[in-house]
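There are 2 protein chains.
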Amino acid sequence: MQAMDTDQDAAMLHVGAALLHRQITNVFTRWGMPQEAADTAARVMVETDLSGVDSHGIGMLPYYQQLFSEGRLDPRAMPQVLRDEGPTALLDARQGIGHVAAVAAMRLAIDKALQGGVGIVGVTGSNHYGAAGWYARMAAERQLLALSFTNSPTPFLVPVFGRDRALGTNPIAFAAPTADPQRPVLLDMATTAVAYGKIPIARRAGVPVPPGWALDQEGQPETDSTVAHEARRLAPLGGTRKQGGHKGYGLALMVEILCATLTGARVSEGHTGHFFIVIDPARFLGAEAFRQELDELLSRMRGIAPIDPAQPVLVPGDPEHDAILRRGREGIPLVPVLVEEIRRVCAEAGAPFLLDTAGAGAAP
Amino acid sequence: MQAMDTDQDAAMLHVGAALLHRQITNVFTRWGMPQEAADTAARVMVETDLSGVDSHGIGMLPYYQQLFSEGRLDPRAMPQVLRDEGPTALLDARQGIGHVAAVAAMRLAIDKALQGGVGIVGVTGSNHYGAAGWYARMAAERQLLALSFTNSPTPFLVPVFGRDRALGTNPIAFAAPTADPQRPVLLDMATTAVAYGKIPIARRAGVPVPPGWALDQEGQPETDSTVAHEARRLAPLGGTRKQGGHKGYGLALMVEILCATLTGARVSEGHTGHFFIVIDPARFLGAEAFRQELDELLSRMRGIAPIDPAQPVLVPGDPEHDAILRRGREGIPLVPVLVEEIRRVCAEAGAPFLLDTAGAGAAP
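Sequences listed follow chains A and B, in order.
Under this note's numbering, the residues of the first sequence are numbered 27 to 390, in order.
Under this note's numbering, the residues of the second sequence are numbered 27 to 390, in order.
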């Protein structure tokens, strides 16, 4: 995932976070989701948009609506603890929206880590949970390190040497607390080279996709964006075998094993699983010394001589941090197509559409 | 890391595992390493060679000799437990060889996982520990899942947008037990696109390096192997920013934070740290059900239609498994240059050189 830098487009509607939150909870509660659960899921989504990760916030609402209408997402389901012993637990999301189960799981993992140094919590029977990084950040805000993984049931990734899709974009997120609580290290990455959404964007723009992103129907590298769009096949991070594609495939398989296999989430039935590992730095170097050492490491990274003086070396989480500041002031930009899709979702849910231009243009 | 497929080269000396083990322990004990520690380190190295990962077995002996002669590796040092509480512990390798401290740390993590579901153990003040995957496999042999990380103090990786090296090749290994105890899932990967050793190999062969491997002095992609060899700069896994290089950089930074920052291993002084996470599947889906589900997942991967019928889709660990079978029969192949380097190491240590052709050609 990558923070977008398209906020200045005049065609965009800029919406304040509070209004967007209200719009989402309006839809979710009409589906029958309890108010508290709707607030939780909406908070994750809006904060994801605030941090610039447009692909995983409100942009997912039409997809959730589709899951709901097909009976694959139960808005009333509340997560259930299947096992809970010492540092580990397993939750069943019972086909609810992923965000609610994932927040419950991460809260439990954080409590365990604060009490016993480590918390490892899996979630089975879930749905899309938004941005993997949001949950890792939750732990960093409590001065903990965290890993957050989810499988994604839609196959896009073609294993090295293969012709066919077999795994989702299966992301990995990692967060670590720094001296600035608002600015954790935050890595959030698909294990494919890019998210699938970038292929149709290139096709609509009539430009080729860079080598290493996509494959054709035969599993061969493809840069023609029309062919790539039809093939719906993504290369693993790294691209070809020679360039390290077996590593991206291996990471995607690791995520699948932790999130789906280990939690018992049956991917063949469209289920999703999540997996969280939370670690208290107080058990190792010590919380304060760790933050100091980390700040020194990050300063060293940011201080590396850049190729282009206008583009300094970044630390994972820097683009998201910048987006939060900018969008907190300017609002969250929504492309016209998305606004219309939200209007349709509202109509189908019988929820009021709140994003009319006049109301939405206001400051957050 | 990648299992080599060069075993048939007639110029190679094929050495049995037992003899290679004796050769290594002979050197280590002459340095003053206690017999048991020497046996441990030699076992890790020889089994790494058996599994085809030539870059991290006996091939590292000349480097260890250099560290020893410079006073950076203390062969007498025994690891010390600095902290040990519940699921976590921190060990100090006290500048000993990495293998000995890493085996102690992984044993402790395994014990913790078998008792309490999870073991997370860090190591500070260490040296090179060989192949990250060897330790992850240790846990898989006990029916546990494991992650194994190490930082490497020699900077090769250039962060995206930068000109200069700032991180090592910082590997990530993951293992999971399958129904066949000899054949775990085993991912073991540098977070650069390739290990540095592949650059001088290309230079000596007079061939360019593939795009995505190396950078020039200015941090720009470089395929001329002579220029790349002089620049000593590796691209992160993914290559350029557009192709996902920020992900490889992010993973390398994560490894640095877990292994060096969190354990307090000061990289500026050439120290190395390791980090191990071990998880008992019995705490989640259950040990037996997990293995069954995993075997189903792996069958699905291996069953994907291949591009080339002669090259089926693999699962991480398959090349290593094949190498173990082959090299168990045929011995471990050593290139002539390495044999001469080992001869020199033996001479400097005052240890007998055991790899004369006659003795070495025998079956393992």
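Don't be surprised by glycine CBs; every beta carbon is placed ideally from N, CA and C.
Note that this is a predicted model, so its numbers are computed, not measured.
Any non-hydrogen atom of the ligand FAD within 7 Å of residue i CB
i: B:Gln269; result: The ligand FAD is not part of the structure shown, which contains no ligands of any sort.
Residue interval of the beta strand (DSSP E) (run including residue i)
i: A:Phe54; result: Element bounds for A:Phe54: not the beta strand (DSSP E) but the alpha helix (DSSP H), Ala43 to Trp57.
i: A:Phe175; result: Leu171 to Thr176
i: B:Ile84; result: Here B:Ile84 belongs to no beta strand (DSSP E), and DSSP marks it neither H nor E.
i: A:Asp110; result: Gln106 to Glu111
i: A:Leu212; result: Val211 to Met215
i: A:Asp118; result: Thr114 to Asp118
i: B:Ile358; result: Ile358 to Leu360
Inter-residue spacing [alpha-carbon to alpha-carbon] between residue i and residue j
i: A:Met280; j: B:Phe200; result: 7 Å
i: A:Lys138; j: B:Thr249; result: 49 Å
i: A:Ala313; j: A:Asp75; result: 30 Å
i: A:Glu356; j: A:Met215; result: 26 Å
i: B:Thr217; j: B:Ser174; result: 13 Å
i: B:Arg258; j: B:Gln246; result: 12 Å
i: A:His347; j: A:Ile198; result: 19 Å
i: B:His272; j: B:Pro378; result: 48 Å
i: B:Asp118; j: B:Thr195; result: 22 Å
i: B:Gly354; j: B:Met86; result: 21 Å
i: B:Cys285; j: A:Val361; result: 42 Å
i: B:Ala68; j: B:Thr287; result: 28 Å
i: B:His300; j: A:Pro210; result: 22 Å
i: A:Asp110; j: A:Leu140; result: 16 Å
i: B:Leu193; j: B:Ile283; result: 11 Å
i: B:Phe182; j: A:Gly274; result: 20 Å
i: A:Ala64; j: A:Gln49; result: 11 Å
i: B:Asn153; j: B:Thr252; result: 30 Å
i: A:Val41; j: A:Ile358; result: 5 Å
i: A:Pro226; j: A:His255; result: 6 Å
i: A:Leu39; j: A:Gln243; result: 38 Å
i: B:Arg133; j: B:Val149; result: 12 Å
i: A:Leu324; j: B:Ala315; result: 42 Å
i: B:Leu46; j: B:Glu62; result: 16 Å
i: B:Phe302; j: A:Asp306; result: 14 Å
Burial state of residue i, where buried means 16 or more other Cβ atoms lie within 10 Å
i: B:Gly77; result: Per the sequence shown, residue 77 of chain B should be read as Ser rather than Gly. So B:Ser77 counts as buried.
i: B:Gln208; result: exposed
i: B:Arg317; result: buried
i: B:Gln121; result: buried
i: A:Glu444; result: Outside the shown range of chain A (27 to 390) lies residue 444 of chain A, about which nothing can therefore be said.
i: A:Arg191; result: buried
i: B:Arg309; result: buried
i: B:Thr176; result: buried
i: B:Asp382; result: exposed
i: A:Ser95; result: exposed
i: A:Gln337; result: exposed
i: B:Arg163; result: buried
i: A:Pro335; result: exposed
i: B:Gly232; result: exposed
i: A:Glu73; result: buried
Bounding residues of the alpha helix (DSSP H) (the contiguous stretch that carries residue i)
i: B:Glu295; result: No alpha helix (DSSP H) contains B:Glu295, which DSSP labels as neither H nor E.
i: A:Val144; result: Counting along the chain, A:Val144 falls outside any alpha helix (DSSP H), though it belongs to the beta strand (DSSP E) covering Val144 to Ser152.
i: A:Ala199; result: Not the alpha helix (DSSP H): A:Ala199 falls in the beta strand (DSSP E), residues Ile198 to Ala202.
i: A:Thr287; result: First-last for A:Thr287: undefined, no H or E at that position.
i: A:Ile225; result: Lys224 to Ala231
i: B:Ala68; result: Gln61 to Leu76
i: A:Leu277; result: Gly271 to Glu282
i: B:Leu340; result: Neither: B:Leu340 is in no alpha helix (DSSP H) and is coded neither H nor E.
i: B:Gly159; result: Ala158 to Ala166
Short CB-CB distance (under 8 Å) between residue i and chain C
i: B:Val53; result: Of the protein chains in this structure, namely A and B, none is chain C.
- Query: Does the pairing of the stretch 104-114 of chain B with the stretch 138-155 of chain A give three or more beta-carbon distances under 8 Å?
  - Reply: The stretch 104-114 of chain B vs the stretch 138-155 of chain A: in contact.
- Task: Return the residues of the stretch 195-207 of chain B that lie within a Cβ-Cβ distance of less than 7 Å from chain A, sorted by chain order.
- Result: Listed by position along the chain: Phe200 and Ala202.
- On the three-pair Cβ rule with 8 Å, is the stretch 265-281 of chain A touching the stretch 186-202 of chain A? Contact between the stretch 265-281 of chain A and the stretch 186-202 of chain A is present, because at least three Cβ pairs lie under 8 Å.
- Would the stretch 315-334 of chain B and the stretch 153-161 of chain B be scored as touching if the rule is three or more Cβ pairs under 8 Å? The stretch 315-334 of chain B is not in contact with the stretch 153-161 of chain B.
- Below 8 Å, can you find three or more Cβ-Cβ pairs linking the stretch 120-140 of chain B to the stretch 102-111 of chain B? Yes, the stretch 120-140 of chain B is in contact with the stretch 102-111 of chain B.
- Query: Does the stretch 354-374 of chain B come close enough to the stretch 80-96 of chain B that 3 or more CB-CB pairs lie under 8 Å?
  - Reply: Because the criterion of three Cβ pairs below 8 Å is met, the stretch 80-96 of chain B and the stretch 354-374 of chain B touch.
- Query: Just by C-beta distance, which residues in the stretch 327-348 of chain A are closer than 8 Å to chain B?
  - Reply: For the stretch 327-348 of chain A, which is checked against every Cβ of chain B, the residues closer than 8 Å are Met327, Ile330, Ala331, Pro332, Ile333, Asp334, Gln337, Pro338, Val339, Leu340, Val341 and Pro342.
- For the stretch 271-285 of chain B, enumerate the residues whose C-beta is nearer than 9 Å to any C-beta of chain A, in chain order. Of all residues in the stretch 271-285 of chain B, His272, Lys273, Gly274, Tyr275, Gly276, Leu277, Leu279, Met280, Glu282, Ile283 and Leu284 have a Cβ within less than 9 Å of some Cβ in chain A.
- Item | Where the stretch 94-106 of chain B meets chain A: residues whose CB sits under 9 Å from a CB there | Residues of the stretch 94-106 of chain B with a C-beta less than 9 Å from any C-beta of chain A: none at all.
- Task: Taking only beta carbons into account, state which residues of the stretch 298-314 of chain A come closer than 7 Å to chain B, listed in chain order.
- Result: From the stretch 298-314 of chain A, only Ile303, Ile305, Pro307, Arg309, Phe310 and Leu311 have a Cβ closer than 7 Å to chain B.
- Message: At a CB distance below 7 Å, what residues from the stretch 145-159 of chain A approach chain B? Give them in sequence order.
- Response: So the list reads Ile146 and Gly148, given in the order they occur along the chain.
- Using a Cβ-Cβ cut-off of less than 7 Å, give me the residues of the stretch 286-297 of chain B that come near chain A, in sequence order. When C-beta distances to chain A are compared with 7 Å, the residues of the stretch 286-297 of chain B below that value are Thr287, Leu288, Thr289 and Gly290, in chain order.
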